[in-house]
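Novice:
Numbering (UniProt numbering), first residue to last: 1 to 126.
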């Protein structure tokens with residue numbers, strides 16, 4: 001057998017590994033999207049100078065590493081919650097789905113509240 005040729009079984013295993021669908025793809029994408037919006041809205045509020053981060057842990061990262069620290073902190077939390085939801089989904093799909101949907105709903109509420117604060121600040125119209 002030539003070195004460039006591969007075993008058909010190995011090819012099939014490799015193909016199935018890369019073609020494996022992640023459980024809860026839609027829910028995971030929505031969760032990541034609303035969290036990205038949260039980071040964006042937090043950034044907008046912070047640059048106005050009229051607001052500060054109310055989460056003391058996030059504030060610690062902002063104080064130490066600036067906006068980059070906040071982004072790393074928030075997306076680390078997103079990664080942890082996403083991995084937990086994926087692990088839970090392998091045992092009980094509905095529980096993993098509910099975890100991501102509930103998280104998305106909570107963060108969407110924060111985004112809407114942040115947007116309302118931003119609009120009330122009048123920063124756009126100065």
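Virtual Cβ for every residue (Gly too), placed ideally from N, Cα, C.
All figures in this text were calculated on a predicted structure; none of them were measured in a lab.
1. Identify, in the order they occur along the chain, each residue of the same chain with its Cβ nearer than 7 Å to the Cβ of residue 62, setting aside the five sequence neighbours on each side.
2. Assuming the contact rule is C-beta atoms closer than 8 Å, residue 27 and residue 101 should be a hit. Round their C-beta distance to whole Å, please.
3. Are there 16 or more other CB atoms within 10 angstroms of the CB of residue 78, so buried, or fewer, so exposed?
4. Which ranges would you report for the alpha helix (DSSP H) in the segment 14-83 if only whole runs of at least 4 residues count?
5. With burial defined as no fewer than 16 other Cβ atoms inside 10 Å of the residue's Cβ, what is the status of residue 92: buried or exposed?
6. Using alpha carbons as the reference points, say which of 121, 123, 40, 114 lies closest to residue 75.
7. By the DSSP assignment, the alpha helix (DSSP H) with residue 105 in it spans what residues?
8. Shortest alpha-carbon distance to residue 33 belongs to which of 66, 124, 107?
9. Do you know whose CA, among 48, 23, 31, lies nearest residue 114's CA?
10. When the Cα atoms are used, what is the spatial distance from residue 117 to residue 82?
11. With distances taken Cα to Cα, identify the nearest neighbour of residue 23 among 90, 84, 104, 98.
Specialist: With the structure as the only source:
1. Correct list, in chain order: 53, 69, 70.
2. With 8 Å as the limit, residue 27 and residue 101 qualify as a contact, their Cβ atoms being about 6 Å apart.
3. In this structure residue 78 is buried. Its beta-carbon is surrounded by 16 or more other beta-carbon atoms within 10 angstroms.
4. The qualifying runs are 25-48.
5. Taking every protein chain shown into account, the CB of residue 92 has fewer than 16 other CB atoms within 10 angstroms, so this residue is exposed.
6. For the set 121, 123, 40, 114, the Cα lying nearest the Cα of residue 75 is the one of 40.
7. Counted as a single uninterrupted DSSP element, the alpha helix (DSSP H) harbouring residue 105 occupies residues 93-121.
8. Residue 33 has its Cα closest to that of 107, out of 66, 124, 107.
9. Nearest option by C-alpha distance: 48.
10. Between the C-alpha atoms of residue 117 and residue 82 there is a straight-line separation of about 28 Å.
11. Ranking the options by Cα distance to residue 23, first place goes to 90.
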